[in-house]
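Note sheet for the following structure.
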Amino acid sequence: GIQVEQSPPDLILQEGANSTLRCNFSDSVNNLQWFHQNPWGQLINLFYIPSGTKQNGRLSATTVATERYSLLYISSSQTTDSGVYFCAVVKTGGYNKLIFGAGTRLAVHP
Amino acid sequence: DGGITQSPKYLFRKEGQNVTLSCEQNLNHDAMYWYRQDPGQGLRLIYYSQIVNDFQKGDIAEGYSVSREKKESFPLTVTSAQKNPTAFYLCASTDGPSTGTDTQYFGPGTRLTVL
Chain A
311 GIQVEQSPPD LILQEGANST LRCNFSDSVN NLQWFHQNPW GQLINLFYIP
361 SGTKQNGRLS ATTVATERYS LLYISSSQTT DSGVYFCAVV KTGGYNKLIF
411 GAGTRLAVHP
Chain B
660 DGGITQSPKY LFRKEGQNVT LSCEQNLNHD AMYWYRQDPG QGLRLIYYSQ
710 IVNDFQKGDI AEGYSVSREK KESFPLTVTS AQKNPTAFYL CASTDGPSTG
760 TDTQYFGPGT RLTVL
């Protein structure tokens, strides 16, 4: 099946720093989503981005489908950005079966 | 407010017991999903349902059962056959049934602990 690899696995930042999270996938996809899981476990949708670039406030994401990777940018990080960031994909023709990466655990310190 | 609700938030089970986790959505979504998350890992698909009275096994269906009698409800039963049921269980839904291009929305989850 399709493989989803996220890097780095762990990231520690000072408040105000910028960061880039990466998601590599091993096959063509027609769905890619980025999620933030807060300390209480709730998964929050950040982006639906199977291709192209989107921005939402301090967050932006870019997916280059032909090269099978996606990037999530966090600028001017805040302590509330802490948590786990997941990338999840649906293989082309794979209905809505999301395949998740293992996540990037982010800790932002004041 | 529209959304997905799961209950209970925390559940404790003795070995050998079956338990049922509730998932309800008022988004009028066709498809619903159950995922399992183990500590430090991503989510894995247990079962999914694209339409009422129909459901399909996901990647780790052994020891679990589901039903989809109503569009808004998709309960998950963790049976005694599930060898390691302690985990965080998340329910999700999408508007479209099967194109693969829909955004999935998640409920707040149920933490199951087997004593």
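Chains A and B supply the protein sequences, listed in that same order.
Per the numbering used here, the first sequence starts with residue 311, numbered consecutively.
Per the numbering used here, the second sequence starts with residue 660, numbered consecutively.
All residues carry an ideal CB built from backbone N, CA and C; glycine is no exception.
Using a C-beta to C-beta distance shorter than 9 Å, which residues of chain A count as neighbours of residue i?
{"i": "Ala839 (chain B)", "result": "Because chain B in this structure spans residues 660 to 774, residue 839 (chain B) falls outside the shown range and cannot be described."}
{"i": "Tyr707 (chain B)", "result": "Tyr405, Asn406 and Lys407"}
{"i": "Gly717 (chain B)", "result": "Lys407"}
Which one of the options has the shortest CA to CA distance from residue i?
{"i": "Tyr405 (chain A)", "options": "B:Ile663, B:Ile705, B:Gln709 and B:Asn677", "result": "B:Gln709"}
{"i": "Glu315 (chain A)", "options": "A:Gln324, A:Cys333 and A:Leu321", "result": "A:Cys333"}
{"i": "Ser336 (chain A)", "options": "A:Ala371, A:Thr390, A:Thr376 and A:Ser392", "result": "A:Thr376"}
{"i": "Trp344 (chain A)", "options": "A:Trp350, A:Ile354 and A:Ser338", "result": "A:Ile354"}
{"i": "Asp713 (chain B)", "options": "B:Met691, B:Asn687, B:Gly699 and B:Arg770", "result": "B:Met691"}
{"i": "Asn685 (chain B)", "options": "B:Asp754, B:Tyr669 and B:Val725", "result": "B:Asp754"}
{"i": "Ser739 (chain B)", "options": "B:Glu683, B:Glu674, B:Tyr764 and B:Gln665", "result": "B:Glu674"}
{"i": "Leu342 (chain A)", "options": "A:Ser317, A:Ser387, A:Arg378 and A:Pro349", "result": "A:Arg378"}
{"i": "Gly722 (chain B)", "options": "B:Asn687, B:Phe733, B:Pro767 and B:Thr679", "result": "B:Thr679"}
{"i": "Gly717 (chain B)", "options": "B:Arg695, B:Pro734 and B:Gly699", "result": "B:Arg695"}
{"i": "Thr760 (chain B)", "options": "A:Gly411, A:Val339, A:Asp320 and A:Leu321", "result": "A:Val339"}
{"i": "Thr402 (chain A)", "options": "A:Gln365, A:Leu382, A:Ser361 and A:Ala371", "result": "A:Ser361"}
Quick check on the DSSP output: the beta strand (DSSP E) that includes residue i runs from which residue to which?
{"i": "Trp693 (chain B)", "result": "Ala690 to Gln696"}
{"i": "Ser370 (chain A)", "result": "Leu369 to Val374"}
{"i": "Ile710 (chain B)", "result": "Leu702 to Ile710"}
{"i": "Ala751 (chain B)", "result": "Ala746 to Thr753"}
{"i": "Ala363 (chain A)", "result": "For the sequence presented, residue 363 (chain A) should be read as Thr rather than Ala. Gly362 to Asn366 is the extent of the beta strand (DSSP E) around Thr363 (chain A)."}
{"i": "Glu315 (chain A)", "result": "Val314 to Ser317"}
{"i": "Tyr395 (chain A)", "result": "Gly393 to Lys401"}
{"i": "Leu416 (chain A)", "result": "Thr414 to His419"}
{"i": "Leu774 (chain B)", "result": "Segment: none, Leu774 (chain B) is in no beta strand (DSSP E) and carries neither H nor E."}
{"i": "Leu356 (chain A)", "result": "Leu353 to Tyr358"}
{"i": "Asn406 (chain A)", "result": "Run containing Asn406 (chain A): none; DSSP gives neither H nor E here."}
Which chain A residues sit within Cβ distance under 7 Å of residue i?
{"i": "Gly701 (chain B)", "result": "Phe396, Phe410, Gly411, Ala412 and Gly413"}
Of all Cβ atoms in chain A, is any one closer than 7 Å to the Cβ of residue i?
{"i": "Gly768 (chain B)", "result": "yes"}
{"i": "Gln741 (chain B)", "result": "no"}
{"i": "Phe747 (chain B)", "result": "yes"}
{"i": "Thr753 (chain B)", "result": "yes"}
{"i": "Leu704 (chain B)", "result": "yes"}
In chain B, which residues lie with their C-beta within 9 Å of the C-beta of residue i?
{"i": "Gln343 (chain A)", "result": "Thr762 and Gln763"}
Chain-ordered residues of the stretch 338-367 of chain A with a beta carbon less than 9 Å from chain B: Val339, Asn340, Asn341, Gln343, Phe345, Gln347, Trp350, Gly351, Gln352, Leu353, Ile354, Asn355, Tyr358 and Pro360
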